[in-house]
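So the numbering used here is basically just the index in the sequence shown, starting at one, shifted up by 506. Here a beta-carbon is modelled for each residue, glycine too, at the ideal position from N, C-alpha and C.
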Amino acid sequence: MKKIIMAGCLTGSVLFNSCNIIQHTPQEVLLDGYYRLTEPMEESKNVYLEWKQDEMFLIPVGENDNGIVDSLQAETMRFPESLQEVDMEELSLVKPSFDIDLITVLFKYRPSEPSLPKQMNSDLSGAIYTGYRRDYFRIGYHKVPTGEYRRQVSHIGYSAGVFAGFGATAVNPWVTSDQISDEYEGVVFSAGFAGLVGLNHFTVGMAIGWDRLLDQNRRHWIYQNKPWVGATLGINLN
């Protein structure tokens with residue numbers, strides 16, 4: 507239980523600090539590149555985002571322009587750090603990508619077995635996750651006490667994919683139907699599916715997986731290849 511409480515506190519701390527980073531350093535999450543722009547009452551279109559010092563530019567890219575960017579186009583949108591007055595509504599940018607994360611499973615919920623009730627485990631584990639991700643950014647300006655309008659970028663990402671890795675689990679008489687008398691930490695191979703929410707470089711999510719004990723007692727382990735549901739915490743690698 508103490509491990510689960512500590513894991514929950516760590517998750518909350520990561521989320522709080524991630525939101526602070528997003529609010530104060532948009533260039534770290536909104537990088538130069540191609541995005542899909544959505545404006546109020548307008549059709550969505552492809553744009554290229556470029557940072558020049560503290561200014562952000564959105565340069566239109568035609569559907570048939572093969573990704574060619576013309577920075578001289580009159581409709582290029584400019585977003586300085588601050589403005590004296592603003593009449594622009596919030597805009598939305600979407601960026602799809604291939605996601606690679608290093609994740610750990612904070613805890614695993616295992617259904618009941620004939621010899622044991624439902625279990626909540628928080629054993630050490632690590633895995634590589636890959637999936638399809640979509641990041642959503644909102645760009646706008648908010649008024650500060652000085653009367654200026656400061657640029658504000660908010661961000662969240664969603665991802666779905668698969669993972670595989672290794673972890674530890676308690677092996678003892680209770681989880682082997684009394685087929686062994688020793689108690690030790692066994693090594694398991696884990697794999698499954700996960701859905702993640704990304705905040706800056708960190709991710710949290712839910713997973714459905716299966717474990718396979720890798721030693722000679724796997725034939726006795728009651729959770730061998732049995733499904734579990736868990737919560738994950740990770741860091742984006744790309």
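When DSSP states are grouped into helix, strand and coil, W727 belongs to the coil group. Under the three-state reduction of DSSP, P586 is assigned to coil, being neither helix nor strand. The beta-carbon distance between L612 and G736, rounded to whole angstroms, is 7 Å. This is short enough to meet the 8 Å contact definition. In the DSSP assignment, I606 forms a beta bridge with T636. G698: member of the beta strand (DSSP E) spanning 690-705, first to last residue. In the three-state scheme derived from DSSP, where H, G and I count as helix and E and B as strand, P546 is classed as coil. For E689, the CB contacts under 6 Å within the same chain, skipping 5 residues up- and downstream, are N678 in chain order. Put simply, the segment 695-702 touches the segment 666-681. At least three CB pairs are less than 8 Å apart. Distance from the CA of W727 to the CA of G673, rounded to the nearest whole angstrom, comes to 15 Å.
In this structure F585 is not in contact with R644, their Cβ atoms being roughly 12 Å apart against a cut-off of 8 Å. A Cβ-Cβ separation of about 10 Å leaves L597 out of contact with Y541 under the 8 Å criterion. For T709, the enclosing beta strand (DSSP E) starts and ends at 708-719. Excluding sequence positions up to five before and after I606, its CB lies within less than 6 Å of the CB of T636, L743, N744, all in the same chain and listed in chain order.
For R616, the closest of K551, I609, L608, Q625 by C-alpha to C-alpha distance is Q625. Per DSSP, T652 has no beta-bridge partner at all. About 5 Å separates the CB atoms of D629 and T675; that is less than 8 Å, so the two are in contact. Counting of Cβ neighbours within 10 angstroms places F708 among the buried residues, the total reaching 16 or more.
A residue is called buried once 16 or more other Cβ atoms fall within 10 Å of its Cβ, and K732, having fewer, is exposed. Taking G692 as the centre and dropping the five residues before and after it, the same chain places the C-beta of A674, T675, A676, V677, L719, L720, D721, N723, W727 closer than 8 Å to its C-beta, in chain order. DSSP places I741 in the uninterrupted beta strand (DSSP E) bounded by 733-742. Residue M562 holds the alpha-carbon nearest to the alpha-carbon of L536 among G711, K649, M583, M562.
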